[in-house]
Structures are given as structure tokens and as C-alpha cells.
Amino acid sequence: MTREVAGAKGRYVIRRDGGEAELTYSIASPVLIIADHTEVPDSFRGTGAGLALVQRLVADARAEGVKIFPLCPFVNATRKRHPEWADVFV
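Numbering (the numbering used here), first residue to last: 1165 to 1254.
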């Protein structure tokens, strides 16, 4: 998994067998990021790729002292299943 940042936009991406699973985000302020969108191709389904992307987002947010606004429905649904992440979500 890699993290790519360009200006106020960023993404986490998992590349495998010519495909990409990604979670995109926007940097709203020095202390807030907005998780915009998660896309996992059919070839990745059932592999845990989506969860892995959110886990990395949460880990990086904690390490960097930023909060996450879960605009993406997948990120929002996943955070609801993980109450231990409440400290990084707004």
C-alpha cells in the first residue's frame, strides 16, 4: 500500500495484478481530512482491501494528530463497526 499526496488531495492505493483499490481524501485544514471516496475493483472483493485502506487512514491520522470526517459511505460504515477508532473521527 502506498500513500500519495498532491497539494490538498491524497489517496491510499493498493496495486495488485494490474488493478488498484483506493481511498481518496481531501486535506481541509491542518487538523482535518475528509475521506471522500473508496473504490475497490471486483477483482479485490473479499480480500479485505477496503478495510486495510481505512485502517491505514486511521493509523496515519492518529500518528499525525488529525481528525477524519467520513464523507465516504464505506469509511463511515466501517468506522461504525470499530468504536475503538472514535478518537480520530468527527
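The beta carbon of each residue, even a glycine, is placed where N, CA and C say it ideally should be.
(message) Can you tell me whether PRO1185 is helix, strand or coil according to DSSP?
(response) With the sequence shown as reference, residue 1185 is identified as Ala, and Pro is not the correct amino acid for it. In the three-state reduction of the DSSP assignment, ALA1185 falls in the strand class.
(message) Tell me which residues share the same chain as THR1166 and place their Cβ nearer than 6 Å to its Cβ, disregarding the 5 neighbours each side in the sequence.
(response) Within the same chain, THR1166 has close Cβ partners VAL1177.
(request) Determine the closest residue to THR1202 out of ILE1191, PRO1194 and LEU1221, with distance taken between C-alpha atoms. (result) Nearest of ILE1191, PRO1194 and LEU1221 to THR1202, Cα basis: LEU1221.
(message) Can you look up ALA1172 in the DSSP assignment and give me helix, strand or coil?
(response) Coil, per DSSP.
(request) Since I believe PRO1234 is in contact with ARG1243 (beta carbons under 8 Å), could you give me their beta-carbon distance rounded to a whole number of angstroms? (result) About 6 Å separates the beta carbons of ARG1243 and PRO1234, which is inside the 8 Å limit, making them a contact pair.
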